[in-house]
Amino acid sequence: MEDAETTVSPSLSFERRKKDHIDLALKQENEALGQSGFHSIHLLHEALPEIDFDDVSLGVLSFQRFPSPFFVSSMTAGHKGGVAINEVLAMACEKKGWLMGVGSQRKQLSVPEAAKEWKSLRKKSPHVSLMGNIGLSQLIQTSTKEIQRLVDSLEAVAMVVHTNPLQECLQPEGTPHFKGGLKAIESLCKELSVPVILKETGCGFSRKTLERLNGLGLYAVDVSGYGGTHWGRIEGQRAPLGSLKEQAALSFAQWGESTVQSLLEANSLTLDYAIWASGGIRTGVDGAKALALGAEMVGLAKPMLQAALEGPEALLKKMELLEYELKTALFCTGCESVQKLREKQPWVQKQKI
Ligand SMILES: Cc1cc2nc3c(=O)[nH]c(=O)nc-3n(C[C@H](O)[C@H](O)[C@H](O)COP(=O)(O)O)c2cc1C
Numbered sequence: 000m001e002d003a004e005t006t007v008s009p010s011l012s013f014e015r016r017k018k019d020h021i022d023l024a025l026k027q028e029n030e031a032l033g034q035s036g037f038h039s040i041h042l043l044h045e046a047l048p049e050i051d052f053d054d055v056s057l058g059v060l061s062f063q064r065f066p067s068p069f070f071v072s073s074m075t076a077g078h079k080g081g082v083a084i085n086e087v088l089a090m091a092c093e094k095k096g097w098l099m100g101v102g103s104q105r106k107q108l109s110v111p112e113a114a115k116e117w118k119s120l121r122k123k124s125p126h127v128s129l130m131g132n133i134g135l136s137q138l139i140q141t142s143t144k145e146i147q148r149l150v151d152s153l154e155a156v157a158m159v160v161h162t163n164p165l166q167e168c169l170q171p172e173g174t175p176h177f178k179g180g181l182k183a184i185e186s187l188c189k190e191l192s193v194p195v196i197l198k199e200t201g202c203g204f205s206r207k208t209l210e211r212l213n214g215l216g217l218y219a220v221d222v223s224g225y226g227g228t229h230w231g232r233i234e235g236q237r238a239p240l241g242s243l244k245e246q247a248a249l250s251f252a253q254w255g256e257s258t259v260q261s262l263l264e265a266n267s268l269t270l271d272y273a274i275w276a277s278g279g280i281r282t283g284v285d286g287a288k289a290l291a292l293g294a295e296m297v298g299l300a301k302p303m304l305q306a307a308l309e310g311p312e313a314l315l316k317k318m319e320l321l322e323y324e325l326k327t328a329l330f331c332t333g334c335e336s337v338q339k340l341r342e343k344q345p346w347v348q349k350q351k352i
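If you read the sequence shown in numbering that gives the first Met the number 0, its first letter stands for residue 0, the second for the next number, and so on.
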């Protein structure tokens, strides 16, 4: 996510902010652990699955076919510290066929040379399916032609727009300007050459907001709910000690619609776009629950960052674990495919979130 350039050296402050974001996102206290709502969802065990484990397929049909519903959620772009991380993520995603989001491309709008990052990444991972990324508060001020340039430079298969009102408010350099957001999304969906996905960044979507997004031409909404990485907490830690923003951030540490609540709302509505899930997805069982609640794709950010920083092997191991857990959950609910799980919906809510 992005913010206004300030202080003496904008590029230095940009690099520092991005480093802060990565360092602070890795701290456990900046994750709303146990709040995603997945604990309240129980998948119904099938003692007689009548299928063989080898018959279980994780393949999904989204705007294109993917061998797995998991994707790496948008994280980093446009800064030195992120290049190596994106390369590791892209190589692993190419190998596994996972979809991958890059972080906000805002820098590229004012510094076209920033697109070099994608040239070198594409050399190493020519076939990975990448999604571009831009903040809604930037989109409002940017023409579709310029967004199309971001898409083209990345050879992106989709464009993600992130909306992050809480973060923009609490961020010391934030740009809390969202007037005209719906209209900007609608124009983008009409004019861009690739599907558009709208996502939150860890605060989720309420029922009313999901309803307001019907009719805009979105391909999907990734609820990115409360229960994982929390940007109110992260920005609170970046704010100067004793400042208004630092103090206010404490009052917003539990702010947001949980991932499960957002999915439950979406599940009970008729929407003209697909629902994707992210925000606090930490295991393949969480992923299975999200899919059973109707999600088409399931994204993870922090766990993938953590594994990528350990290296390519650790990352691939993490991806394999997530897929094995999901496959086991499909098997043990008697579903040979992700589509079957989404249709059968073998879940009950054990308790209120
Ligand atoms: C280090 C880091 C940087 C992020 N930067 C972006 C970004 O640039 N654009 C965006 O849409 N989301 C961004 N996110 C949010 C994630 O895509 C995701 O919505 C959120 O972290 C919740 O997922 P998680 O609980 O699995 O981390 C970032 C997350 C992390 C951890």
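Quick reminder that beta carbons are idealized off the backbone N, C-alpha and C, glycines included.
*How many angstroms separate the CA atom of Gln348 from the CA atom of His38?*
His38 has its alpha-carbon roughly 9 Å from the corresponding atom of Gln348.
*Out of Ser186, Pro164 and Leu263, which has the shortest C-alpha to C-alpha gap to His176?*
Considering only alpha carbons, the answer is Pro164.
*Tell me where the alpha helix (DSSP H) around Lys178 begins and ends.*
Element bounds for Lys178: n/a, residue is neither H nor E.
_Three-state secondary structure assigned by DSSP to Asp51_ = Note: Asp51 maps to coil in three-state DSSP.
*heavy atom of ligand 1 below 6 Å from Ala24 C-beta*: Ala24: yes, Cβ under 6 Å from ligand 1.
*Phe69 and Leu321: beta carbons closer than 7 Å?*
Between Phe69 and Leu321, the C-beta spacing is below 7 Å.
*Thinking just about the alpha-carbon of each residue, which of Ser56, Leu57, Glu28 and Gly77 is nearest to the one in Glu14?*
Nearest to Glu14 by C-alpha distance, out of Ser56, Leu57, Glu28 and Gly77, is Gly77.
_I'd like the list of long-range same chain contacts for Gly81, defined as Cβ closer than 7 Å, with 5 residues on each side in sequence excluded._
Non-local C-beta neighbours of Gly81 in its own chain, meaning closer than 7 Å and more than five positions away in sequence, comprise Lys17, Thr75 and Gly102, ordered along the chain.
*Between which two residues does the beta strand (DSSP E) carrying Val42 extend?*
Here the sequence assigns Leu to residue 42, which means Val is not the residue at that position. That run of the beta strand (DSSP E) goes Ile40 to Leu42.
*Between the Cα of Gln27 and the Cα atoms of Pro111, Gly227 and Asp221, which residue gives the shortest distance?*
Looking from the CA of Gln27, the closest CA among Pro111, Gly227 and Asp221 belongs to Gly227.
*Closest to Thr162 by CA distance: which of Lys115, Gly96, Thr332 and Leu138 is it?*
If we check each option's Cα against that of Thr162, Leu138 comes out closest.
*When every heavy atom of ligand 1 is checked, does at least one fall within less than 6 Å of the C-beta of Leu299?*
Checking the Cβ of Leu299 against ligand 1 gives yes.
*Go ahead and label Thr332 buried or exposed: buried means 16 or more other beta carbons lie within 10 angstroms of its beta carbon, across all protein chains shown.*
By the neighbour-count criterion, in which a residue is buried when 16 or more other Cβ atoms sit within 10 angstroms of its Cβ, Thr332 is buried.
*Using three-state DSSP, classify Phe69 as helix, strand or coil.*
Here Phe69 sits in strand by DSSP.
*asked:* If I measure Cβ to Cβ from Ser61 and keep anything under 6 Å in the same chain, skipping five residues before and after, which residues do I get?
replied: Excluding positions up to five away in sequence, the list reads Glu295 and Met296.
*Go through its chain and collect everything with a Cβ distance to Glu1's Cβ below 7 Å, but skip five positions before and after it.*
Residue confidence for Glu1 is low, a pLDDT of 48 falling below 50, so the modelled location carries little weight and cannot support an answer.
*For Gln338, the three-state DSSP class (helix, strand or coil)*: Assigned with DSSP and collapsed to three states, Gln338 falls in helix.
*Residues in its own chain within less than 6 Å of Arg206 by CB, not counting five upstream and five downstream?*
Taking Arg206 as the centre and dropping the five residues before and after it, the same chain places the C-beta of Glu264 closer than 6 Å to its C-beta, in chain order.
*Identify the continuous alpha helix (DSSP H) that holds Asp285 and give its terminal residues.*
Taken as a continuous stretch (DSSP letters only), the alpha helix (DSSP H) holding Asp285 covers Gly283 to Ala291.
*Please say whether Val259 and Lys352 have beta carbons closer to each other than 7 Å?*
One detail in the question is off: residue 352 reads as Ile in this sequence, not Lys. Yes.
_At least three beta-carbon pairs within less than 8 Å, the segment 278-292 to the segment 333-347_ = Contact holds between the segment 278-292 and the segment 333-347, because three or more Cβ pairs, one in each stretch, are under 8 Å apart.
*Who does Asn163 pair with in a DSSP beta bridge?*
According to DSSP, Asn163 shares a beta bridge with no other residue.
*In the structure shown, what three-state DSSP assignment does Glu295 receive?*
Secondary structure of Glu295 (DSSP, three-state): coil.
_Same chain only: Cβ atoms within 7 Å of Asp19, ignoring 5 sequence neighbours per side_ = Excluding residues up to 5 positions away in sequence, Arg237 lie with their Cβ nearer than 7 Å to the Cβ of Asp19 in the same chain.
*asked:* Rounded to the nearest angstrom, what separates Arg232 and Ala248 at their Cα positions?
replied: The C-alpha of Arg232 lies about 6 Å from the C-alpha of Ala248.
*So what's Lys351 in DSSP terms, helix, strand or just coil?*
In this structure, Lys351 counts as coil in the three-state DSSP scheme.
_Distance between Tyr225 and Glu309 (C-alpha atoms, nearest Å)_ = Whole-angstrom Cα-Cα distance: 26 Å.
*Would you grab the beta carbon distance between Val59 and Cys92 for me? Rounded to a whole angstrom, and I think it's under 8 Å.*
Actually they do not touch by this definition, with Cβ atoms about 15 Å apart.
*Where the beta strand (DSSP E) containing Gly100 begins and where it ends*: Residues Leu98 to Gly100.
*Where the beta strand (DSSP E) through Leu129 begins and ends*: Its beta strand (DSSP E) spans residues Leu129 to Gly134.
*From Glu342 to Leu270, what does the alpha carbon distance come to, in whole angstroms?*
C-alpha separation (whole angstroms): 16 Å.
*Using the Cα positions of Ala3 and Glu172, report the straight-line distance between them to the nearest angstrom.*
The pLDDT assigned to Ala3 is 43, lower than 50, so where the model puts this residue is not dependable, and the model offers no usable value.
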